[in-house]
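Residue numbers (our numbering), protein chains in the order written: chain A, 31 to 366; chain B, 31 to 366.
Think of the CB as a built atom: it goes at the ideal place given N, C-alpha and C, for glycine as much as any other residue.
These numbers were taken from a predicted model, which means no experiment stands behind them.
Read through the structure below, which is laid out as structure tokens, and then see the notes.
There are 2 protein chains.
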Amino acid sequence: MGNEYIEDKVTIEDVANALGISKSTVSRAISGKGRIGKETRERVLSYIKEHNYKPNPIAKGLSESKTYNICWVAPGDSSMTALPFFQRCMAGVVDAASAENYDILMGVVYDDNISHLKRIVSNHKVDGVILGRTLINDESIPYLIESKVPFVAIGSTDYKDVVQIDNDHFKACNELTSILIMKGIKRFALIGGDSNHVVNRTRREGFLHALKEQKIDITDDDIFMNCLSDEDVERATDTALRNGAECLMCMDDGICSATIAKLKRDEISIPEDIKIASFYNSELLSNNQPTITALQYDPKELGINACKTLFDILNGIEVEQKVMLSYEVQLKSSTQ
Amino acid sequence: MGNEYIEDKVTIEDVANALGISKSTVSRAISGKGRIGKETRERVLSYIKEHNYKPNPIAKGLSESKTYNICWVAPGDSSMTALPFFQRCMAGVVDAASAENYDILMGVVYDDNISHLKRIVSNHKVDGVILGRTLINDESIPYLIESKVPFVAIGSTDYKDVVQIDNDHFKACNELTSILIMKGIKRFALIGGDSNHVVNRTRREGFLHALKEQKIDITDDDIFMNCLSDEDVERATDTALRNGAECLMCMDDGICSATIAKLKRDEISIPEDIKIASFYNSELLSNNQPTITALQYDPKELGINACKTLFDILNGIEVEQKVMLSYEVQLKSSTQ
DNA sequence: TTGAAAGCGCTAACAA
DNA sequence: TTGTTAGCGCTTTCAA
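Structure follows, in structure tokens:
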């Protein structure tokens, strides 16, 4: 049965025999653990390089009770998964994992179905898990806690003792909003996504906090959460315009690009007729005309950081409960 | 060291001891291979269900020389990876793999750098590979052939003996173009992407073949390949319009949505001022106004098919060298 | 500094 | 029908 596709599958035993030494010596030479003669080590190292020997991580893993795999959990609904954010994040995770000779196993979850993640974890296929996003009612987190698998979340959560890597969305949204207020804008509308996503709630709070601080009024009529489809965005935009909004605050790149498209269709000019800003910048917006005021984060950095943190946990190194990565406010012509 | 996160990590030996039988009997009960008493099997099965025992695939794999992992190879350049196509395809692969208790390992390649794929394959981390797309000058394919790992490609290639799953882009593009010609369109322009991608060349050929068959002229001045950025698309569109094109044929969803955006910016109406069609439909286009004439494929089906084919190969079942999945021509208002 | 041997959790001859 | 045993390829005591 087995799968012998690499015919010259050379094992540690082959190396040991060829060199007339024991397997354990070869193992020591490679791992650097334990004492070993300098000359012996060099002999082994040069032999394996020449013969292109690579230790089999499956066997290594079995003996060490490791898998050398990390599970990257991404949302399965394609409206989400197509966002550049997840791609970038994952790229960071892949890079950081590769550096430690680890690989990434895909875990696909839906808002209400984490069976795929469960299969992977309960099958012992991974040493740890990185959650790509957090929900308010997140099935994954309690499951991961209960299963005792080490994990870190990208995003924030109220669950206790969860290691979190996030950008400081509250501070960022607060800051961007404050700046726009100082520039004289008084009537805002907020177009937001799924309020079951922690990040969306946080952004809303940062936004509202700035308004409150600067004593700018807003009613619930100008806050449009749960805009999941283009139609939702369209409706929100229409209402906001009717209500006299001066500036549309879009909660993320997807919503902002839908809003821009809607405004273009209606031949409403930015920024002359309406100003617009986004709480998340990405290539969906970056080559728009006019340029869009937005908050800039580095999702790849988030992925790298999450993965490195997970390795620290796996290695028994103490880590911070919550790391907040920085952001940048980019003021562009859409709010001039 | 090891990673004992599941405290109640129950092994086949525990099960055997608890039941007062041997490991091999338990193994047989689970796998169904070999002879075993009906009563014994049921005793085992009910015990493992109750105690939630799951065989460790790492150990199983070591003993069978299998990994129970498949490598999904996706392009790393984010302009590509963000396309819904790859997400959908991968979703299909994940589903089909899960059904066989297999998992998906991410392999990220760049046009000129397949080191990540090499690491995964040479480390024996996967039983097979699924290539998400094919290039004209594809480093991955010769590498995979040489390494002797079983693989299937989504897309077409001229390399010999490669198992390929594809949509019939030539036929589809030929058909769509022919229909538009019959509707009276005489002046076409083609806006296309990277000509190092096999699919882009094939689409161009299908398009040109229809023109030739129906004796419609086109010059190289109206064929714009390698439009990789929005600026490229913009320039191509401008030139095509200046040359008097009646209909812009866009090679994929990304290019088409860039073209539409450009036309909107310039306040050029579809289909009054210019008609437009896409050789690939996706949600990037599907809720556009006006609706867009396009070819519809099912990328998830492609992924499922590729994965099932790979399993056939792994199981020594003979497979077809090349499978062509169907498509649908959707005539909408953009070409009225 | 090195080697022998046991063990990681499972499968698969081979015996009984 | 079931048990015993020998691996799969590696790490890690324990001896030498």
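- Endpoints, the beta strand (DSSP E) within which residue 103 of chain B is located: 99-105
- Please state if the CB of residue 339 of chain B and the CB of residue 103 of chain B are separated by a distance shorter than 9 angstroms. no
- Message: By alpha-carbon positions, which one of A:276, A:58, A:334 and A:310 ends up nearest to residue 198 of chain A?
- Response: Here the closest residue by C-alpha is A:310.
- Along the chain, which unbroken stretches of the alpha helix (DSSP H) at least 4 residues long are found entirely within the segment 132-166 of chain A? 145-152
- How big is the Cα-Cα spacing for residue 346 of chain A and residue 280 of chain A? 41 angstroms
- For residue 107 of chain B, the nearest candidate out of A:117, A:324 and A:364 (CA to CA): Among A:117, A:324 and A:364, the Cα nearest to that of residue 107 of chain B belongs to A:117.
- Unbroken alpha helix (DSSP H) run spanning residue 75 of chain B, endpoints: 68-80
- Query: Nearest chain B C-beta to residue 113 of chain A closer than 9 angstroms, yes or no?
  - Reply: For residue 113 of chain A, the answer is yes, since a Cβ of chain B falls inside 9 angstroms of its Cβ.
- Task: State the beta-bridge partners of residue 360 of chain A as determined by DSSP.
- Result: Partner(s): A:324.
- What residues in the segment 123-148 of chain B have a beta carbon less than 8 angstroms from any beta carbon of chain A? 124, 128, 131, 133, 134, 135, 136, 138 and 146
- Task: With a cut-off of 8 angstroms on the beta carbons, I'd call residue 271 of chain B and residue 304 of chain B a contact; round off their distance for me.
- Result: 7 angstroms
- Over what stretch of residues does the beta strand (DSSP E) that includes residue 193 of chain B continue unbroken? Its beta strand (DSSP E) spans residues 193-197.
- Message: Any beta carbon from chain B within less than 9 angstroms of residue 91 of chain A's own beta carbon?
- Response: yes
- Query: When the cut-off is 9 angstroms and only beta carbons count, does residue 245 of chain B lie next to chain A?
  - Reply: no
- Listed by chain order, chain B residues near residue 53 of chain A by CB distance under 8 angstroms: Neighbours of residue 53 of chain A on chain B: none; closest Cβ ~16 angstroms, over 8 angstroms.
- Message: Strictly by DSSP, which residues pair up with residue 353 of chain A?
- Response: Answer is A:195.
- Task: Pull up the CB-CB distance for residue 236 of chain B and residue 200 of chain B, whole angstroms please, since I reckon it's below 8 angstroms.
- Result: 4 angstroms
- Message: Please list the terminal residues of the continuous beta strand (DSSP E) segment that includes residue 182 of chain A.
- Response: Unbroken beta strand (DSSP E) run through residue 182 of chain A: 181-184.
- Identify every residue that forms a DSSP beta bridge with residue 254 of chain B. B:221
- Query: What are the boundary residues of the beta strand (DSSP E) that residue 281 of chain A is part of?
  - Reply: Going by DSSP, residue 281 of chain A is part of no beta strand (DSSP E) at all; its letter is neither H nor E.
- Message: Please return the same chain residues whose Cβ sits closer than 6 angstroms to the Cβ of residue 362 of chain B, not counting the five positions on each side in sequence.
- Response: 321, 322 and 323
- Item | Minimum C-alpha distance to residue 318 of chain B - residue among B:219, B:51 and B:300 | That would be B:300, whose Cα lies nearest to the Cα of residue 318 of chain B.
- Item | Minimum Cβ-Cβ distance from residue 272 of chain B to chain A less than 9 angstroms | no
- Query: Distance, Cα to Cα, residue 234 of chain A vs residue 141 of chain A?
  - Reply: For residue 234 of chain A and residue 141 of chain A, the distance between alpha carbons rounds to 21 angstroms.
- Task: Starting from residue 305 of chain B, trace the beta strand (DSSP E) both ways and give me its first and last residue.
- Result: 305-308
- Message: Between residue 326 of chain B and chain A, is any beta-carbon pair separated by less than 9 angstroms?
- Response: no
- Message: Could you check whether residue 219 of chain B and residue 256 of chain B sit closer than 9 angstroms to each other, using their CB atoms as the reference points?
- Response: At a Cβ-Cβ threshold of 9 angstroms, residue 256 of chain B and residue 219 of chain B do not count as neighbours.
- Query: Does the beta-carbon distance from residue 159 of chain A to residue 172 of chain A come in below 9 angstroms?
  - Reply: no
- List, in order along the chain, the chain A residues whose C-beta lies closer than 7 angstroms to that of residue 295 of chain B? 319
- Message: Measuring only the C-alpha atoms, how far is residue 263 of chain B from residue 285 of chain B?
- Response: 7 angstroms
- Query: Which residues in chain A sit within 9 angstroms of residue 121 of chain B, going by Cβ to Cβ distance?
  - Reply: 106, 108, 111 and 138
- Task: Could you check the C-alpha separation between residue 123 of chain B and residue 166 of chain B for me, to the nearest Å?
- Result: One Cα belongs to residue 123 of chain B, the other to residue 166 of chain B, and the distance between them is close to 23 angstroms.
- Query: If you draw a straight line from the C-alpha of residue 231 of chain A to the C-alpha of residue 75 of chain A, how long is it?
  - Reply: The straight-line gap from Cα to Cα measures roughly 54 angstroms.
- Query: Which residues of chain B have a Cβ atom closer than 8 angstroms to the Cβ of residue 21 of chain A, listed in chain order?
  - Reply: Here chain A covers residues 31 to 366 and nothing more, so residue 21 of chain A does not appear.
- Starting from the Cα of residue 146 of chain A, find the closest Cα among A:189, A:174 and A:331 and give me that residue. Measuring from the Cα of residue 146 of chain A, the nearest candidate turns out to be A:174.
- Expressed to the nearest angstrom, what Euclidean distance is found between the alpha-carbon atoms of residue 259 of chain B and residue 282 of chain B? 13 angstroms
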